[in-house]
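*Asks:* For the record, in the sequence shown the residue sitting at position 240 is 240 according to the UniProt record's numbering, with numbers rising by one throughout. Just so you know, even glycine gets a beta-carbon here, dropped at the ideal spot from N, CA and C. Given the structure is predicted, the values throughout are model-derived calculations rather than measurements.
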Amino acid sequence: MISTTAPKLKVLILGAGIAGPCLAYWLCRTRLNTSIKVIEKSPVPRANGQAIDIHGAAVEITKKMKLEEEIRARSTTEKGTMMLSSFGKPIATFPAGDNFYFGLRDFEGRFIRALLEALRKFENVEYVYGDFVKTVEQKEGGVDVTFNGGSEDTFDLVVGADGATSKIDGAYILAGEVSKIQSSHDIPKALQRYEEVFRPVYKKMGNLPWGFHQIAMPQTRWGMRVRDSIIWFVGKTKIHRLLSNDQGGLIMSYRCING
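This is the structure we're talking about:
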């Protein structure tokens, strides 16, 4: 018999960059009765950072979070891309919006602020800055955590949200798989499902055409001439506009609440 009572779930998320707040957001939108703590070693939220690309499935996820219009409104001031030959001479120019990239661009700090703003409506999320985890011990009934500040606590789930890639996609899928649990005892199965679901998505996103590395980063003068000729041809013919903008945008459907 399946329980209709929303399972209680106490979650610790390590890292308040992009992945951490995104995971907290989607956990809050599930049917779970969650209590979430996000801990960040930095004393304050990140205010800057490099430009980031949001593409494929991540674009659809930002739409679900109602962040797309805000991101487009404060997009980077990039004017375009100029490709230079191995001799430093321009061979092709792609204005902003007319290149091989399909998606959104924003600066990391601004995107993090947008995520934090989206989380303000949820009262079950606590942010702690200037602290970090010192020890972690997994036990039968949960995970015992000791913080550098001296406090201790026990959680049902501890997530290291400091990955280098696929932050938005991974956070969305992890929250979706965890949302299916009937009790905290089901967490191991949820993590296994996350691995099974996300691994193909991650692999597809990382797949590059055969010979891409050799053409893009040639090791010989002949190879550089071939690469420059291809770039010149694409820049002149604009053939890249015929390419599909499908970058592995596989979106799983999960039952969420609160909009």
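For the alpha helix (DSSP H) that F233 lies in, which residues bound it at each end?
*Replies:* R221 to T237
*Asks:* Could you check where the alpha helix (DSSP H) with I36 kicks off and where it finishes?
*Replies:* Note, I36: premise wrong, no alpha helix (DSSP H); beta strand (DSSP E) at N33 to E40.
*Asks:* Looking only at C-alpha atoms, which of L84, P21 and K64 sits nearest to R225?
*Replies:* L84
*Asks:* Would you identify the three-state DSSP class for T30, choosing helix, strand or coil?
*Replies:* coil
*Asks:* Please name the residue in S86, H185 and A171 whose C-alpha comes closest to that of Y194.
*Replies:* Per the Cα distances, A171.
*Asks:* Identify every residue that forms a DSSP beta bridge with T93.
*Replies:* M82
*Asks:* Whole angstroms is fine: what's the gap from P21's alpha carbon to E123's?
*Replies:* 14 Å
*Asks:* Indicate the three-state DSSP secondary structure (helix, strand or coil) for M1 in the structure shown.
*Replies:* Note that M1 scores 39 on pLDDT, short of 50, meaning its location in the model is unreliable; the coordinates nonetheless yield the value given after this. Coil at M1, not helix or strand.
*Asks:* Can we say the stretch 140-153 touches the stretch 51-64, given the rule of at least three CB pairs closer than 8 Å?
*Replies:* Contact fails: fewer than three Cβ-Cβ distances are below 8 Å.
*Asks:* Based on the DSSP secondary-structure assignment, which residues constitute the bridge partners of K64?
*Replies:* Beta-bridge pairing links K64 to no other residue.
*Asks:* Quick check: what's the CA-CA separation for G109 versus D169?
*Replies:* The straight-line gap separating the alpha-carbon atoms of G109 and D169 is approximately 18 Å.
*Asks:* Measuring only the C-alpha atoms, how far is S183 from V136?
*Replies:* Near 22 Å, if we compare the C-alpha coordinates of V136 and S183.
*Asks:* Can you tell me where the beta strand (DSSP E) with I13 in it begins and where it stops?
*Replies:* Start and end: K8 to L14.
*Asks:* Given a cut-off of 9 Å on the beta-carbon distance, is the pair I187 and L157 in contact?
*Replies:* yes
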